[in-house]
Amino acid sequence: MRTFNIAAATLKGNPMARDSQAALVALNRFGLGARGGASGDFVNAASDPRGFVKAELDRPNGALLEAPGLQSTPALAQEVFAYQLEQKQAREAAAKSGTATPPPEANPAPSAADDKMQRRNLSLDRMAMEMSPKESAKEPAKASAENANAAMTPADAMQPNAQKPPQSPLNVIQKTFRAEALARLQRASLVDCGFTERLVVFWSNHFCISANKGGLARMWAGSFEREAIRPHVLGRFADMLKAVEQHPAMLFFLDNQQSLGPDSRAGQNRNRGLNENLAREIMELHTLGVGGGYSQDDVTSLARIITGWTFAGRQGKLGTPGVFVFNANAHEPGPQRLLGQLYEDNGVAQGEAALGFIARHPSTAKFVATKFARHFVSDDPPPALVARLRDVFSKTDGDLKALAIALLDSDEAWQAPPTKLRSPYEFVVATGRLLSQMPQDPSRYLGGLNLLGQPLWSPAGPNGFADTNAAWAAPEGMKLRLDISAQVASRLADNVDPRDLLELAVADAASPETRRTIERAESRQQALALLLMSPEFQRR
Amino acid sequence: MESPSKATTMDCPESLKSSATSRRSLLLGGASFAAWAYLPKFARAADGRDPRLVVVILRGALDGLATVAPVGDPDYAGLHGSIALTPDGPHAALMLDSFFALHPAMPEFARMYREKHAAIIHAVATPYRDRSHFDGQDVLESGFAGPGRVQSGWLNRALEALPRGDRVTTALAVGPTTPLVLRGAAPTVGWAPVALPQAADDTAMRLVELYSHRDPALASALSQGLQLDKSAQGDDMKPKPGTNGAGAMRLVARGAAKLMAADDGPRIAALAFDGWDTHANEGGPVGRLAQLLSGLDGALAEFEQGLGERWRDTVIVVATEFGRTAHINGTEGTDHGTGTVALLAGGAIKGGRVISDWPGLKPANLYQARDLAPTTDLRAALKGVLHDHLGLGERVLADNVFPDSAAAKPMKGLVG
Chain A
0 MRTFNIAAAT LKGNPMARDS QAALVALNRF GLGARGGASG DFVNAASDPR GFVKAELDRP
60 NGALLEAPGL QSTPALAQEV FAYQLEQKQA REAAAKSGTA TPPPEANPAP SAADDKMQRR
120 NLSLDRMAME MSPKESAKEP AKASAENANA AMTPADAMQP NAQKPPQSPL NVIQKTFRAE
180 ALARLQRASL VDCGFTERLV VFWSNHFCIS ANKGGLARMW AGSFEREAIR PHVLGRFADM
240 LKAVEQHPAM LFFLDNQQSL GPDSRAGQNR NRGLNENLAR EIMELHTLGV GGGYSQDDVT
300 SLARIITGWT FAGRQGKLGT PGVFVFNANA HEPGPQRLLG QLYEDNGVAQ GEAALGFIAR
360 HPSTAKFVAT KFARHFVSDD PPPALVARLR DVFSKTDGDL KALAIALLDS DEAWQAPPTK
420 LRSPYEFVVA TGRLLSQMPQ DPSRYLGGLN LLGQPLWSPA GPNGFADTNA AWAAPEGMKL
480 RLDISAQVAS RLADNVDPRD LLELAVADAA SPETRRTIER AESRQQALAL LLMSPEFQRR
Chain B
0 MESPSKATTM DCPESLKSSA TSRRSLLLGG ASFAAWAYLP KFARAADGRD PRLVVVILRG
60 ALDGLATVAP VGDPDYAGLH GSIALTPDGP HAALMLDSFF ALHPAMPEFA RMYREKHAAI
120 IHAVATPYRD RSHFDGQDVL ESGFAGPGRV QSGWLNRALE ALPRGDRVTT ALAVGPTTPL
180 VLRGAAPTVG WAPVALPQAA DDTAMRLVEL YSHRDPALAS ALSQGLQLDK SAQGDDMKPK
240 PGTNGAGAMR LVARGAAKLM AADDGPRIAA LAFDGWDTHA NEGGPVGRLA QLLSGLDGAL
300 AEFEQGLGER WRDTVIVVAT EFGRTAHING TEGTDHGTGT VALLAGGAIK GGRVISDWPG
360 LKPANLYQAR DLAPTTDLRA ALKGVLHDHL GLGERVLADN VFPDSAAAKP MKGLVG
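Which chain is which? The protein sequence lines are A and B, in order. Residues 0 to 539 (numbering that gives the first Met the number 0) are what the first sequence spells out, left to right. Residues 0 to 415 (numbering that gives the first Met the number 0) are what the second sequence spells out, left to right.
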C-alpha cells in the first residue's frame, strides 16, 4: 500500500508548500477530481490543499441548485397527476373499444418496466445487441455534407451519432428525471473542487428515496434533493431531518401517506391503521442507527406520532396537489411516549418535537459521525476521528458545516491511505471533468451508472447505496469499469494527450508504475483507458 | 447495497445505441475503418484503371525483424534469441530469397509474394527517432516530419489533391473516430466497428500488471472479473472475434473489402489494427505475435478475395510507427526500436521483392547500438505509391502531403 507523507507545513496551511499527495486527497477524497484544460485545479489544490476544499463552504447558498425548467414538487405533482389521468383514460377507452392491449405510449415505462429490467442481469454485449437496430446496415447512408466529417470534429465527439434507432418519445416523467439528472451532472462538472456536491451526494444517499418506487418518486427524485437536502447540507441536521420527513417524495417512498392512526377518524372509518415503514427507517437509517437505543414500542409510537403526515393528492381535497399537509383526520389522537419522553398531541407539532429530540440524541451524533467518516476517509475510520466528529455534531447542535470543517481540519482525514474506491458516480463525473466534458445529454452518464450498479437516485432499498470498498471493488464491477473506460477512450482520446492528462489529474503523485504504464501504452486510446483505471484515479 | 444491479433501465450508453451496424461489428475490438467519401474522377479515365488504395496502420510498433527475418544475417539468430525464426524445423519460416524469410503465420502473403503481388520494404522508418508510441503514430499518420501535428493526416491531404467525383453511396454509418492518417479537410466516412463493448485483452493485461504492483486488491478483483466474463461467453478455449485480434482483423477487412468492391463504393480507405506492442512473451513462429500476423495475413487475403477483379488495381500499404529492439529483452519480448518493415500487397504492386539497403546487425551497425538502423525513409515509399498509383505530382507530395520531405524522393517502380 502506498504510504502518505504529507509535509507538516502543508497540514498547517502554509500556502507556499506544494504537496501533490495532499492535492490528490483534496481533489479525490473530498472533491470530484481535477478538471482538464486550463483549470489549474491540481496546482491550486497542491499549493493550499485545505483552503482549496474549504473555499466552497464560504459561498452563500452554494449548495442550492436552480436551473431553467426545474420545477417545484407541487408543480411536478400536477404534471404527473395529469399524465397519469391521461394514461388511465386511454386504458379505459382501449378496454371499452375492445383493444386487447393499451396503446404503446400507455406503458408505465418509468416504474414497473424499469423494475423488471433492473432484475435482469444484462451483459454489455447483450445490451448492445438489443439496442442495435437490426437493419441499420442496410439503411441508406446519410452521408450528407453536414455529417460527413462528423467523425473528425471534436464538438461531435460527445454527441450521439447518426442513424439512431427510432425511439418512442419520452413521457413527462422520463423528461423530468433526465432534466434533473442533467442539472446535477452539469453542476458537478462545473464546480471547482466539488466538496459541496460531494456533501449533497452523501446526504442525499443518507436520506435516500428510490425513483424505482413509482412515477411520483421518479418525478420527484430531483426536486426532493433540491428542496430537502441542498438547503441544509451546510445548515442544521435537525432542519434537514424535518425537511426530508415532511417531503412528499419521502412520505410516498416510505408509505406514510397510507398510514392511518387506528383511532383516528379516517382509521375508524376505513378500518385501517398504521404503516411503520417511515417511522422505523427514521430511527434505523436516518438518525439513531441500529442499536441506537430504541425499541419496537418506540417505532410504533413514532409511527403514531407522524400519522397524518402526507401530501395533497390529485383531487386537492387536502390542499394544493403535491404539497405536504398534516391531515388531522388521519392522525392518531392522544399523547405518545417515545424514547422516554412524553409528547402531547398538538397536531403536526407533536411529530416535529419528536424529530427535534431524535436529531439531538447522542446515538444520532455517533451514527452520523461514523457514516460521515466512513464515506470520506475509510471503511473503518479512526475511532478518534469519529469521536471528534461526534462531539462537534453534539456541541454545535448538529451544525453540518461545522461537521464538514472538523473533518477537513483533522489530520486523519488527510493522512489515511487512499483505500476507498471512487463510487461509480464519482468515477463517471471525475472522468467527464478530466476530459473537459460539459454534459448536454445525461444518457451516457446515466447508462454508465446503471451498468456500474449505482443507478442515479435509485438504490435498491432505503439504506441507500453501499459506502464500503467491497461493494464497488468487486470483480464484475472492475471489469465493467474497464469496459466503460475503454469506450470513453475510444471516443475521446483522439484529441487529448494522456500524458498531459496524467499531469493534470495526478502530477508527481503518480507512481512510477502508473506513469510507465501510460507512457508505454500502445495507443492514445489505451493510454487514456489505463489512466482512468489507474489506482491514482480510482482510489481516494 | 446488497445486490448492485447490473441492469440498464431506460437509459443506455448512447455509444451502444448508435452506429452499431450489426452484432458482428460490436464484437470487433481494436480495429477501425474509414474511407474517403468520394469516388475519384480518374475512376472513369479512358485506360479503364480504377485504382484502390488501402492504408493499414499497425499501432503498437511491429517487430520487423520477426515479421521478415534476415535469417541470412549472421547476427540475427543471436539477437532475437529464443524467438528467432529459422528456415527449417517444425515451424520453418518461409524463405523469400536467400536472405530474408517470412513469418510462418503469413502463408497468404507468401503466396502473393510468389505471385509477385506483394513486396517488402525493410529497414524502413518514418523520420521520427524517439520511442513514444503516441508521437510515433502522430508522425506516421500526420506525414509531418515531427510529432504534435494532429489536425490532418497525409492520406487526407493526398485526397484533397485528387479530382473529386461522385459521392460514395454505399451504406456507411458514421463512426466516432477516424484514424489520424485519414483525418482532415477532405470529407470521409467511417464504418463503425469502433463501438467497443469491451476493453481489449491487451489493455486488461496491462492494467492487471499495474495493479499487481500497486494495488493487489484491485488486481485480484479485476482478474476475477475478466475470468467471469470469459466464462459467461461460453467456451473460453475457443477464440472469440471480440477477444481475438486475428478474428477481428479478418472481419473488419472482409467488411471493408465488400464496401470497396462496389461500383459506387469507396476507393481509398484506412484501417488501424491495435495490439502490436509485444514487450513480453512475443513468441517466435507461434505465440502472440504469430496470432496477430495470422490475423493480418487473413485480412490481406480477405481484401484479395472480397475485391475480386478490383484486386488487379489495388495497393495495400501496411505500416507501423517504428520497429522494436534487435535484441530480445528479459521477458521474451522486444522493446521500442526504430527500423522495421512496411508491407505492400495488391495486384497493382510490382512484387516478389524485398526492397532494402540492408544495414546489417553488427553492434556497430545498430541504431544507438540497439535497433535495426533505418536506411529507407518510409515517406519515400508512400510517395512512390501515391505518385504511381494515384498520379499525384512530386511537388504536391513534397509540399502538402509530406511537408518538408523533398529529400525523400518518391521511390520508383513499386506500382505498375
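Here a beta-carbon is modelled for each residue, glycine too, at the ideal position from N, C-alpha and C.
Given that a residue counts as buried once 16 or more other Cβ atoms are within 10 Å of its Cβ, and exposed if not, what is Gly315 of chain A?
exposed
Quick check on Met94 of chain B: does DSSP put it in helix, strand or coil?
strand
Quick check on the DSSP output: the alpha helix (DSSP H) that includes Val79 of chain A runs from which residue to which?
In the DSSP annotation of this structure, the continuous segment of the alpha helix (DSSP H) that includes Val79 of chain A starts and ends at 72-95.
What separation, rounded to the nearest whole angstrom, lies between the Cα atoms of Met111 of chain B and Ala117 of chain B?
Those two C-alpha atoms are separated by around 5 Å.
Residues in the stretch 463-478 of chain A with C-beta within 9 Å of chain B's C-beta atoms, listed in sequence order?
Gly463, Phe464, Ala465, Asn468, Ala470, Trp471, Ala472, Ala473, Pro474, Glu475, Gly476, Met477, Lys478
Within-8 Å CB hit, Gln367 of chain B to chain A
No, because no Cβ of chain A sits closer than 8 Å to the Cβ of Gln367 of chain B.
If you compare alpha carbons, which of B:Ala203, B:Ala379, B:Asn399 is closest to Ile120 of chain B?
B:Ala379
With three or more C-beta pairs closer than 8 Å as the rule, is the stretch 528-537 of chain A touching the stretch 39-53 of chain A?
no
Within the same chain, show all residues whose beta-carbon is closer than 7 Å to that of Trp219 of chain A, passing over the 5 residues directly before and after it, in chain order.
Thr72, Leu75, Pro247, Ala248.
Output, in chain order, the set of chain A residues within a Cβ distance shorter than 8 Å of Ala220 of chain B.
Ala472, Ala473, Pro474, Gly476, Met477
Closer than 8 Å at the beta carbon, the chain A residues around Trp275 of chain B:
Neighbours of Trp275 of chain B on chain A, chain order: Glu521.
According to DSSP, residues forming a beta bridge with Ala237 of chain A:
None, per the DSSP bridge assignment.
Quick check on the DSSP output: the beta strand (DSSP E) that includes Tyr366 of chain B runs from which residue to which?
Taken as a continuous stretch (DSSP letters only), Tyr366 of chain B belongs to no beta strand (DSSP E), as it is neither H nor E.
Under the rule that 16 or more other beta-carbon atoms within 10 Å means buried, what is Asn494 of chain A, buried or exposed?
Exposed, since its Cβ has fewer than 16 Cβ neighbours within 10 Å.
Of the residues that make up the stretch 494-516 of chain A, which ones have a beta carbon closer than 8 Å to any beta carbon in chain B?
Against chain B - using a Cβ distance shorter than 8 Å - the residues of the stretch 494-516 of chain A are Asn494, Asp496, Pro497, Arg498, Ser510, Glu512, Thr513, Thr516.
Can you tell me whether Asp263 of chain B is buried or exposed, with buried defined as 16 or more other CB within 10 angstroms of its CB?
By the 10 Å Cβ count, Asp263 of chain B comes out exposed.
Listed by chain order, chain A residues near Gln223 of chain B by CB distance under 8 Å:
Pro474
What's the C-alpha gap between Leu413 of chain B and Glu208 of chain B?
43 Å
Measure from the C-beta of Gln185 of chain A to each C-beta in chain B and report whether the shortest distance is under 8 Å.
Under the Cβ criterion of 8 Å, Gln185 of chain A is not counted among the residues facing chain B.
Which term fits Leu292 of chain B, buried or exposed, when burial requires 16 or more other beta carbons within 10 angstroms of its beta carbon?
buried
For Tyr112 of chain B, which of helix, strand or coil comes out of DSSP?
helix
Taking Cβ to Cβ, would you say Val52 of chain A is nearer than 8 Å to Cys207 of chain A?
no
Quick check: the Cα distance between Ala429 of chain A and Leu396 of chain B, rounded to an integer number of angstroms?
A direct Cα-Cα distance of roughly 44 Å separates Ala429 of chain A from Leu396 of chain B.
Rounded to the nearest angstrom, what separates Gly346 of chain A and Leu56 of chain A at their Cα positions?
37 Å
Going along chain A in order, which residues have a C-beta closer than 8 Å to the C-beta of Gly59 of chain B?
Glu521, Ser522
CB-CB under 7 Å to Val200 of chain A, same chain, minus the five flanking residues each way: which ones, in chain order?
Tyr424
Give me the Cβ distance between Met239 of chain A and Ile357 of chain A, rounded to the nearest whole Å; I'm assuming they're in contact under 8 Å.
13 Å between Cβ atoms; not a contact.
What three-state label does DSSP hand Ala509 of chain A in the structure shown?
coil
Those residues which DSSP pairs with Val53 of chain B across a bridge
B:Ala268, B:Ile315, per the DSSP bridge assignment.
Could you check if Ala407 of chain B is buried or exposed, using at least 16 other CB atoms within 10 Å of its CB as the buried criterion?
A residue is called buried when at least 16 other Cβ atoms come within 10 angstroms of its Cβ; Ala407 of chain B meets this threshold and is buried.
Classify Ser167 of chain A: buried if its beta carbon has 16 or more other beta carbons within 10 angstroms, exposed otherwise.
exposed
Relative to the C-alpha of Asn328 of chain A, which candidate in A:Asp466, A:Pro261, A:Ala469 has its C-alpha closest?
A:Pro261
Suppose only complete runs of 4+ residues qualify. What are the alpha helix (DSSP H) ranges in the stretch 267-341 of chain B, listed by chain order?
287-306
What first and last residue would you give for the beta strand (DSSP E) that runs through Ile348 of chain B?
Neither: Ile348 of chain B is in no beta strand (DSSP E) and is coded neither H nor E.
Any Cβ of chain B within less than 8 Å of the Cβ of Ala216 of chain A?
no
So Arg387 of chain A packs on Ala405 of chain A, CB below 8 Å; how close in whole Å?
6 Å
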